[in-house]
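Undergrad: Here the sequence shown stands for residues 0 to 368, numbered as in numbering that gives the first Met the number 0.
For each residue, glycine too, the CB sits at the ideal point set by N, CA and C.
As the structure is a prediction and not an experimental result, all values here were calculated from the model.
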Amino acid sequence: MVKKFIIYCLSLSVLSLWVSGVSFAVPASPQTSEIVQPDGTVIKVKVKGDEWNHRIETVDGYVVEKAKNGRWHYVSRYEGDTPILSDTLANELPKPDFQRHVRPSPNFRKANPNSGLTQSPAVNALSTPLAAPFGTFNGKILFILAEFTDRAGTYSETSFASLLSNRINDYFNKASYGKVNLQPANESFGTSNNGVIGWVNLGYAHPDTGGNIGNQNQKITKDAVTAADPYINYASFDINGDGYVDTNELAIVVIVAGYERSYSANYTPSVWGHKWSITSPPKLDGVIVGADHNGAGGYAQFGEIHRGSSSDAHQATMGIMVHEMGHLIFALPDLYDTDYSSEGIGYFSVMAAGSWGKSASNSYWGESP
0 MVKKFIIYCL
10 SLSVLSLWVS
20 GVSFAVPASP
30 QTSEIVQPDG
40 TVIKVKVKGD
50 EWNHRIETVD
60 GYVVEKAKNG
70 RWHYVSRYEG
80 DTPILSDTLA
90 NELPKPDFQR
100 HVRPSPNFRK
110 ANPNSGLTQS
120 PAVNALSTPL
130 AAPFGTFNGK
140 ILFILAEFTD
150 RAGTYSETSF
160 ASLLSNRIND
170 YFNKASYGKV
180 NLQPANESFG
190 TSNNGVIGWV
200 NLGYAHPDTG
210 GNIGNQNQKI
220 TKDAVTAADP
230 YINYASFDIN
240 GDGYVDTNEL
250 AIVVIVAGYE
260 RSYSANYTPS
270 VWGHKWSITS
280 PPKLDGVIVG
290 ADHNGAGGYA
300 QFGEIHRGSS
310 SDAHQATMGI
320 MVHEMGHLIF
330 ALPDLYDTDY
340 SSEGIGYFSV
350 MAAGSWGKSA
360 SNSYWGESP
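1. Taking only three categories from DSSP, how would you classify P128?
2. When you compare only the Cα positions, how much space is there between N193 and G210?
3. Bridge partners for I34 per DSSP, in chain order?
4. Just to confirm, are A290 and Y243 a CB contact at a threshold of 7 Å?
5. Could you have a look at G197 and say whether DSSP puts it in helix, strand or coil?
6. CB-CB under 7 Å to R369, same chain, minus the five flanking residues each way: which ones, in chain order?
7. Would DSSP call R306 helix, strand or coil?
8. Buried or exposed, going by whether 16 or more other CB atoms sit within 10 Å of the CB of I231?
9. Are three or more beta carbon pairs between the segment 291-311 and the segment 165-185 nearer than 8 Å?
10. With 16 as the cutoff for other CB atoms within 10 Å, does T117 come out buried or exposed?
11. As an exercise, report each continuous beta strand (DSSP E) stretch of at least 3 residues that is fully enclosed by the segment 215-294, in chain order.
12. Using DSSP bridges, identify the partner residues of V179.
13. In the DSSP assignment, what residue or residues form a beta bridge with I143?
14. Would a C-beta distance cut-off of 7 Å place E56 and K47 closer than the cut-off?
15. Please state whether DSSP places N361 in a helix, a strand or coil.
16. Can we count S155 as close to the ligand NAP, meaning its CB is less than 6 Å from some heavy atom?
17. Mind checking who H72 pairs with in its DSSP beta bridge?
18. Can the beta-carbon of K357 be found closer than 7 Å to that of S367?
19. Tell me the rounded alpha-carbon separation between D237 and V224.
20. Measuring alpha carbon to alpha carbon, tell me which residue in P95, V58, I277 and R54 is nearest I83.
21. Which of the three DSSP states, helix, strand or coil, is assigned to M350?
22. Assuming M317 and L331 make a contact with CB atoms under 8 Å, what is their CB distance in whole Å?
23. Within 10 angstroms of the Cβ of D149, are there 16 or more other Cβ atoms? Answer buried if so, exposed if not.
24. Could you give the DSSP three-state label for A160: helix, strand or coil?
25. Looking at C-beta atoms only, is the number of pairs between the segment 239-259 and the segment 134-152 that lie closer than 8 Å three or more?
26. Taking Cβ positions, are Y298 and I328 nearer each other than 7 Å?
27. How about V63 and Y73: are their beta carbons less than 7 Å apart?
28. For K139 versus L283, is the C-beta spacing smaller than 7 Å?
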């Protein structure tokens, strides 16, 4: 009986990973942030969900949305994924008949108009199981810092190098009981071989994709890995010589100048942190970079700054990053619940709410995943 149960659980795990070429993201931060009406009125809110199914709620649980005129209103209901706004402004008292936590049907997941995907990630494409390392693993990570003509990067190469070498590697090493060692990739930008290239300017305005992950995010990554090419030999990371740079050979992480949308709804330009792949990946140094490659490739992408109010802007914490690297390098599935009918697997898993872990000594969510 026990053996049958174990086989059943392993089968479920394999089925959950039979997804190729789709986007995996992180749940929204649990912290309270602010939105601001055009007249300067500040409203305390929380972002709920992930990039496929998200909404903004007041601290009392009422869903709000910004109208075309820039004013925030209470949402009375949804038609499909379209929020129907009430006449009541979000800074006014909600009417007695307003319902808390309104959202689209549980069977509906947001289709991204830019991505070409019309279903949820879990059912979009079934093909080869994702390849995951097993046992002791030594991997390489490359951070590419990407800025734009209208948005320069804020935090330094040195700061991100420290995050990579100290915090992120330390997390995976401890979480794996010493089995995992993630080291910075060899590159020649700035301080050589600290695993960080950038800031590199992509030569156009920030696309501000916010909560809509699509082909513009793929373009950011494609342009970033191309801009980084003079400083790195991608071919040197194709260990198995198959012509592809897979994530167990080199994990590519693109840090996008601006804000992280999963942390707050009010600050732009932003992207929502995610793991995905490039549909038309570039060939650089004779190898293909950023392709899905039967689930063994891809990239991770994050906003540079976490900011929930006018006074708490800070460099992105590592929780969201190690969550997406769980997808990128180790093929781990999401284990959170986006409709908040349960805690999913809860705060004790980095693939669930644990990505935003915060100890008593931390200043910000996500410092202790």
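TA: Inspection of the coordinates gives the following:
1. Sequence index remark: in the sequence shown, residue 128 carries index 129 (1-based). Note that P128 scores 46 on pLDDT, short of 50, meaning its location in the model is unreliable and no value can be drawn from it.
2. Residue numbering aside, residue 193 sits at position 194 when the sequence shown is read from its first letter. Residue numbering aside, residue 210 sits at position 211 when the sequence shown is read from its first letter. Going by the C-alpha atoms only, they are around 31 Å apart.
3. On the sequence shown, position 35 is the one that residue 34 refers to. Note: I34 sits in a beta bridge opposite I42.
4. Taking the first residue of the sequence shown as position 1, residue 290 is located at position 291. Taking the first residue of the sequence shown as position 1, residue 243 is located at position 244. In this structure, Y243 lies closer than 7 Å to A290 by Cβ.
5. Along the sequence shown, one-based indexing puts residue 197 at 198. The answer is strand: DSSP assigns G197 an E or B state.
6. The displayed coordinates of the chain run from 0 to 368. Any statement about residue 369 would go beyond what the structure contains.
7. Position 307 of the sequence shown, counting from 1, holds the residue named residue 306. Residue state, collapsed to three classes: coil.
8. Against the sequence shown, residue 231 aligns to sequence position 232. Counting Cβ neighbours within 10 Å, I231 comes out buried, since at least 16 surround it.
9. no
10. Walking along the sequence shown from the start, residue 117 turns up at place 118. Since pLDDT at T117 reaches only 34, below the 50 mark, its modelled position is unreliable, and the value read off the structure follows with that caveat. The residue is exposed, with fewer than 16 neighbouring Cβ atoms inside 10 Å.
11. 250-259, 273-275 and 286-288
12. Taking the first residue of the sequence shown as 1, we reach residue 179 at position 180. In the DSSP output, where bridge partners are listed per residue, V179 has F136.
13. Walking along the sequence shown from the start, residue 143 turns up at place 144. The partner list for I143 (beta bridge, DSSP) reads I196 and V253.
14. As a first step, residue 56 is located in the sequence shown; it is residue number 57 there, counting from the start. As a first step, residue 47 is located in the sequence shown; it is residue number 48 there, counting from the start. Contact: yes.
15. Stepping through the sequence shown from its first residue, residue 361 is reached at position 362. DSSP places N361 in coil when its eight states are reduced to three.
16. Questions concerning the ligand NAP fall outside what the structure shown contains, since it holds no ligand whatsoever.
17. As a position in the sequence shown, residue 72 is number 73, starting the count at 1. Paired residues: E64 and L88.
18. The residue given as residue 357 occupies position 358 in the sequence shown. The residue given as residue 367 occupies position 368 in the sequence shown. Yes, they are a contact pair.
19. Mapped onto the sequence shown, residue 237 falls at position 238. Mapped onto the sequence shown, residue 224 falls at position 225. The straight-line gap from Cα to Cα measures roughly 15 Å.
20. Translated into positions along the sequence shown, residue 83 becomes position 84. With distances taken between Cα atoms, I83 lies closest to R54.
21. Indexing the sequence shown from 1 puts residue 350 at position 351. M350 falls in the coil class under three-state DSSP.
22. Walking along the sequence shown from the start, residue 317 turns up at place 318. Walking along the sequence shown from the start, residue 331 turns up at place 332. With 8 Å as the limit, M317 and L331 do not qualify as a contact, their Cβ atoms being about 16 Å apart.
23. Reading the sequence shown from its first residue, position 150 is the one you call residue 149. D149 should be labelled exposed.
24. Taking the first residue of the sequence shown as position 1, residue 160 is located at position 161. Helix.
25. yes
26. Here residue 298 refers to the residue found at position 299 when the sequence shown is read from its first residue. Here residue 328 refers to the residue found at position 329 when the sequence shown is read from its first residue. Contact flag unset, no.
27. Taking the first residue of the sequence shown as position 1, residue 63 is located at position 64. Taking the first residue of the sequence shown as position 1, residue 73 is located at position 74. Yes, the pair counts as a contact, with Cβ atoms nearer than the cut-off.
28. Taking the sequence shown and counting its residues from 1, one reaches residue 139 at position 140. Taking the sequence shown and counting its residues from 1, one reaches residue 283 at position 284. Cβ atoms of K139 and L283: not closer than 7 Å.
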